[in-house]
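To start, the structure under review is shown below, and the notes come after it.
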Amino acid sequence: MRTTARLLAVVAAAALVLTGCGGRATTHHKPGTSHQEATGDSGTLLAARDESGHRLRELPAADAPTVKAEIRPDSEGGWNVHLTVERFQFTPESTGGAALPGRGHARLLVDGRETTRLYGPWGYVPPGAHTLTVRLHADDHTVWAVAGAPVQATVRLDATPVTPSTGSSAPSASAPSAPATSSPRPTDPGRTVTLIISGTTVEPPPSRIELKKGERLTLRVTGDRADTLHVHGYDRELPLSPGVPATLTLTADRTGLFEVETHESGLVLTQLVVR
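Quick note on numbering: the working numbering labels position 70 of the sequence shown as 676, and the sequence is numbered without any gaps.
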């Protein structure tokens, strides 16, 4: 009996080992996800770190992304930043995941201090004469690098280009003179749209607001919960407090279709159509 019991224990242990090797219970990543997607073993992880403590991830120059930055003065103060990237796409849906070539997000550093992340090609910097650096990160927050230098672009916020330091793998940023933008007459208050949020209901119901380029728009928003209003494309945000009307004014100096939504509740409040 003892010999039989021991034999059964050995067989059971072997079965567990076999299940661990191929069974779903011990899969190291989601079914259908490659080892590279799960581990982010692309490139070479360097010991070097940037100013914020993020490690550099080295890629060959031929495979590495590139970035250029263009700044334009905002008609209401500050600077709008536009990024042109190559061999790179913004992937906010996979932030925090594995580091795959050509994917990730950008971070803005003002005077060497990290201020915000960008999950798309447009950003905003408050007023002031500063030095702005745009740096490309992988989804796992490491910094894409070539020859030991971060992939980045740097401009001065007075439209003066900055010459990249020796050995930098990233192309220099271009900061041409800002194009002239039309703006309404100072005496023109523009249009005011009032929006009220109650639960998942928006009054008036979401629709499109037609605007002419250069027209001023004021959004007066009252919600029943703490949230943040975001105007896409213009990268303008407005904190919302329960029951307290909040006001955001902008000049429609960029053409296109732009959604206005809330961050936390994910409600589309309206759409701006600027022609």
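Backbone N, C-alpha and C define an ideal beta-carbon position, used for all residues, glycine too.
Worksheet entry | Where SER871 falls: helix, strand or coil (DSSP) | Three-state result, SER871: coil.
Fill in: C-alpha gap between ALA751 and LEU724, whole angstroms
One alpha carbon belongs to ALA751, the other to LEU724, and they sit about 18 Å apart.
Worksheet entry | Residues that ASP833 bridges to, as DSSP identifies them | Residue pairing of ASP833 in beta bridges, as defined by DSSP: LEU846.
Practice prompt. Just mark PRO666 as buried or exposed, buried being the case when its beta carbon has 16 or more other beta carbons within 10 Å.
Written response: By the neighbour-count rule (16 or more Cβ atoms within 10 Å), PRO666 is not buried but exposed.
Fill in: Spatial neighbours of THR650 in its chain, beta-carbon cut-off 6 Å, leaving aside the 5 residues before and after
Within the same chain, THR650 has close Cβ partners GLU664.
Item to complete: Please report the Cβ distance between ASP656 and GLY729, rounded to the nearest whole angstrom; I am assuming they are in contact, meaning their Cβ atoms lie under 8 Å.
Response: Cβ atoms of ASP656 and GLY729 stay farther apart than 8 Å, at about 18 Å.
Fill in: Local conformation of VAL768 per DSSP, three classes
Per-residue confidence for VAL768 stands at a pLDDT of 46, beneath the threshold of 50, marking its modelled position as unreliable; no derived number is given.
Discussion item. I need the DSSP call for PRO698, collapsed to helix, strand or coil.
Written reply: Three-state result, PRO698: helix.
Item to complete: Would you mind reading off the limits of the beta strand (DSSP E) that contains ARG709?
Response: Where ARG709 is concerned, the enclosing beta strand (DSSP E) stretches over 709 to 716.
Discussion item. Suppose you measure from the CA of HIS869 to the CA of ALA735; what does that come to, to the nearest Å?
Written reply: Taking the straight line joining both Cα atoms gives about 30 Å.
Item to complete: Round the Cβ separation of LEU714 and VAL740 to the nearest angstrom and send it over; I've been treating them as touching at under 8 Å.
Response: Confirmed, Cβ separation roughly 6 Å.
Worksheet item: Along the chain, where does the beta strand (DSSP E) that runs through VAL752 open and close?
Response: Its beta strand (DSSP E) spans residues 749 to 752.
Item to complete: Out of GLY805, GLY710, GLY849, LEU878, state which residue places its alpha-carbon closest to the alpha-carbon of GLY839.
Response: In this structure, LEU878 is the residue among GLY805, GLY710, GLY849, LEU878 with its C-alpha nearest to the C-alpha of GLY839.
Discussion item. Restricting to Cα atoms, I'd like to know which of THR806, VAL799, ALA705 is closest to HIS747.
Written reply: In terms of CA proximity to HIS747, ALA705 leads the group THR806, VAL799, ALA705.
Fill in: Pairwise C-alpha distance: VAL799 and GLU821
Cα to Cα, the separation comes out at about 13 Å.
Worksheet item: Given PRO785, which residues of its chain have a CB within under 6 Å of its CB, disregarding the five upstream and five downstream residues?
Response: For PRO785, the predicted structure reports a pLDDT of 42, less than 50, and the residue's modelled location is therefore unreliable. A value from the coordinates is still provided. Contacts found: none.
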